[in-house]
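Just below is one structure, and these are the notes that go with it.
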Amino acid sequence: MNIASLLATKSGPPITIRPEQSVREAIALLSRHTIGALVAVNAANTPVGIISERDIVREAARDEQVFARSVGDIMTRDVITGLPQDDLLSVANTMTEKRIRHLPVVDKGKLVGIVSLGDVVKAQRDKYLGEVETLETQILADKQ
Amino acid sequence: MGLLATPVAPLRVAIIGSGPAAFYTAEHLQRREDLAVEIDMFERLPTPFGLVRGGVAPDHQKIKSVVAAFDKTAADPRFQFYGYVEFGKDVTLADLREHYHQIVYATGAQTDRRMGIPGEDLRGSHPATEFVAWYNGHPDYQDCQFDLRQERVAVVGVGNVAVDVARILCRTPEELAATDISDRALDALKQSQVREVYMLGRRGPAQAAFTNPEIKELGELAGADIVVLPEEAQLDEPSRAALEKSPDRATQKKVEILRGYARRRPSGKPRRLILRFLVSPVELIGNAAGQITAMRLVKNELAATAAGTLRPKPTNTFEELPVSLVFRSVGYKGVPLPGVPFNDDWGVILNDKGRVLDPDTRRPVVGEYAAGWIKRGPTGVIGTNKPDAAETIVSMLEDLAQGATLRPAHPGREAAEVLIRQRQPNYVSYADWRRLDEIEVTRGRSQGRPRVKFVRVEEMLAALGR
Chain A
60 MNIASLLATK
70 SGPPITIRPE
80 QSVREAIALL
90 SRHTIGALVA
100 VNAANTPVGI
110 ISERDIVREA
120 ARDEQVFARS
130 VGDIMTRDVI
140 TGLPQDDLLS
150 VANTMTEKRI
160 RHLPVVDKGK
170 LVGIVSLGDV
180 VKAQRDKYLG
190 EVETLETQIL
200 ADKQ
Chain B
306 MGLLATPVAP
316 LRVAIIGSGP
326 AAFYTAEHLQ
336 RREDLAVEID
346 MFERLPTPFG
356 LVRGGVAPDH
366 QKIKSVVAAF
376 DKTAADPRFQ
386 FYGYVEFGKD
396 VTLADLREHY
406 HQIVYATGAQ
416 TDRRMGIPGE
426 DLRGSHPATE
436 FVAWYNGHPD
446 YQDCQFDLRQ
456 ERVAVVGVGN
466 VAVDVARILC
476 RTPEELAATD
486 ISDRALDALK
496 QSQVREVYML
506 GRRGPAQAAF
516 TNPEIKELGE
526 LAGADIVVLP
536 EEAQLDEPSR
546 AALEKSPDRA
556 TQKKVEILRG
566 YARRRPSGKP
576 RRLILRFLVS
586 PVELIGNAAG
596 QITAMRLVKN
606 ELAATAAGTL
616 RPKPTNTFEE
626 LPVSLVFRSV
636 GYKGVPLPGV
646 PFNDDWGVIL
656 NDKGRVLDPD
666 TRRPVVGEYA
676 AGWIKRGPTG
686 VIGTNKPDAA
696 ETIVSMLEDL
706 AQGATLRPAH
716 PGREAAEVLI
726 RQRQPNYVSY
736 ADWRRLDEIE
746 VTRGRSQGRP
756 RVKFVRVEEM
766 LAALGR
């Protein structure tokens, strides 16, 4: 299974923010869409960073004025991205090892989706459930 | 609306398609004891089961045993099958909206993706899915021509469809004669001149999509020796490093099996099945008559990315494979349904947990849902459609609880039947299908085959006295 087939199960384009927007706006978006991270994109829809709940909590712990600061100020700039054709298992390994919870997916330089650790877990669960279901059906059929 | 889904006003659900996702959706709905529900299932062909009948390989009958579960679902008195009734033609979305509270699209992924290389449309180049549909007796594909007088064939891809096609091409007439392969395909394959079948993977042995049981089966064919080039069975450095870092038992086993094949000596069987890795077709070369004579391949190498995956990168090394028949199996996608929002990028109906979405507002379209491959894309095995359908049902029941269903003017079972009978007087019921099924099985019995399929719609209708 590759990332493209995971993105196919998502309802729409990823929620993004511009680096010049405020952290307050970022929090509002995270809350409204019940998600854990936003990809920061430039005018060409190319990812330039990512801002997660963690980034905000970390900054808030040392700066109570964080809400008024810009996303670009506190976001992670060194973003690891994936391609639609990347396989999910390798991506899952990387996310686990590098403790990344959100992986922006880029096609021809443009952001096309975002994969969260939750998406990966769900995809794995569905894969195993499906295999168990299939095997059970066949074993039951053998017994008849 | 408070009475909806109670015995006085059963929830009326239309399911479009009759493959695994369609039947699992019906089964989940029937199991809800708190729900009074009536399900009408619409199928374009007179015969049900989608890819279980038309996709699963004829030499893999055991996989088809899931049909027993579908029969049980169909036996429920609240279930009605309308075969040979095409959505968008015999009944439209507008018709369904007048007769059902909820509509579920479970139409699968019906077309293949293209390779996007020069020469792709030369004579002798085919989508693997068409070959599969042809040998499985799908009525739409019975007039396809595959020139099996050619001696060398390439199957592009190493997924399960590619494996099926390669295996069927390598089977002996005796092996095939014991299956439910279509008679026409059986005759053509008996005359087959095919000597060499190449399967081409763009990445290495460790990344190949086929499963270990599938690859083992290829090594046990009665009429074909399996060949793996020793240099391609060796793991390259990035693959070795990746496997060492996150050891996966199935992948290790797969590599082991393939290395074993690389050590094998040909035993002189009439055919050879050659698995190639780290190659991508870049061009199909034809002669003056427009017939393929060769395939140009580029050798790939794998490069590790920041995301931890290994991507194939073309090198400057090319080779020509002297093949004259090509089957491509590089992915599948769904076909848009008339009037239903579609996501072209991923080839699925635009949806959120099975709720069809309006492409402009991204809000759910009331009363419309998707399940199976048309919802999530072509991934997983038959059983994967069960949890998939369950997710769609959760959305359907949440919406029902919110009163967000269609308000059909004619929500009765009889009204729907009258409409369908008027639009398609020859519709095929489940009892009709069981008659066809019995005839097929009876015809097969005398030949020692699971069944001899009807492959033409006219034959099926005639057998039912229509």
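Protein chains in written order, with this note's numbering: chain A, 60 to 203; chain B, 306 to 771. For each residue, glycine too, the CB sits at the ideal point set by N, CA and C.
message: Rounding to the nearest angstrom, what Cα-Cα distance links B:Gly393 and B:Ile321 in this structure?
response: 10 Å
- prompt: What are the start and end residues of the beta strand (DSSP E) that includes B:Ile698?
  reply: Looking at the DSSP string, B:Ile698 is not in any beta strand (DSSP E); the run it does join, the alpha helix (DSSP H), is Asn690 to Ala706.
- prompt: Roughly how many angstroms separate the alpha carbons of B:Leu781 and B:Val671, rounded to a whole number?
  reply: Outside the shown range of chain B, which is 306 to 771, sits residue 781 of chain B, and nothing can be said about it.
9 Å Cβ cut-off: residues of chain A touching B:Pro692: Arg184, Asp185, Leu188, Gly189 and Glu192
query: For B:Val757, which of helix, strand or coil comes out of DSSP?
result: coil
- prompt: What three-state label does DSSP hand B:Gly388 in the structure shown?
  reply: strand
query: When DSSP labels each residue in this structure, what does B:Gly672 get in the three-state scheme?
result: strand
query: Are any of the Cβ atoms in chain A nearer than 8 Å to that of B:Ala685?
result: The sequence shown places Gly at residue 685 of chain B, not Ala. Contacts with chain A at 8 Å (Cβ-Cβ) include B:Gly685.
query: B:Met306 to B:Ala714, Cα distance in whole Å?
result: The predicted position of B:Met306 is uncertain, since its pLDDT is 48 and thus under 50; no value can be drawn from it.
message: For A:Val125, tell me which candidate among A:Asp137, A:Arg136 and A:Glu112 has the shortest Cα-Cα distance.
response: A:Glu112
- prompt: Roughly how many whole angstroms lie between the Cα atoms of B:Tyr405 and A:Ala67?
  reply: 27 Å
task: Excluding the 5 residues preceding and the 5 following B:Pro478 in the sequence, name in chain order all residues of the same chain whose CB lies nearer than 8 Å to its CB.
output: Leu491, Leu494 and Lys495
message: Using C-beta distances below 7 Å, list every residue in its chain close to B:Asp400, excluding the 5 sequence neighbours before and after it, in chain order.
response: Leu724
message: Please state whether the Cβ-Cβ distance between B:Val532 and B:Arg577 is less than 8 Å.
response: yes
message: Determine, for B:Ala438, whether the minimum Cβ-Cβ distance to residues of chain A falls below 8 Å.
response: no
message: Within the continuous alpha helix (DSSP H) that includes B:Tyr446, where are the two ends?
response: Unbroken run through B:Tyr446: none, as it is neither H nor E.
task: Compute the minimum distance between the beta carbon of B:Leu580 and the heavy atoms of the ligand MG, and state whether it is under 7 Å.
output: This structure lacks the ligand MG; in fact it carries no ligand of any kind.
task: Return the residue from the list B:Arg383, B:Phe582 and B:Arg570 that minimises the CA-CA distance to B:Ala538.
output: B:Phe582
- prompt: Tell me which same chain residues have a C-beta within less than 7 Å of the C-beta of A:Ile74, skipping the five on either side of it?
  reply: Leu88, His92, Ile94 and Leu97
field: Selected residue, minimal CA-CA separation from B:Val760, among B:Thr697, B:Arg358 and B:Asn517
entry: B:Arg358
query: Who are B:Gln596's beta bridge partners in DSSP?
result: B:Arg428
field: Contacting positions in the stretch 125–151 of chain A - beta carbon closer than 8 Å to chain B
entry: Ile139, Thr140, Gly141, Leu142, Gln144, Asp145, Asp146, Leu148, Ser149 and Val150
task: Would you check if the stretch 623–642 of chain B and the stretch 669–686 of chain B touch, i.e. whether three or more CB-CB distances between them fall below 8 Å?
output: yes
- prompt: Is the number of C-beta pairs between the stretch 622–636 of chain B and the stretch 402–422 of chain B that are closer than 8 Å three or more?
  reply: Contact holds between the stretch 622–636 of chain B and the stretch 402–422 of chain B, because three or more Cβ pairs, one in each stretch, are under 8 Å apart.
- prompt: Along the chain, which unbroken stretches of the beta strand (DSSP E) at least 3 residues long are found entirely within the stretch 454–520 of chain B?
  reply: 457–461 and 501–505
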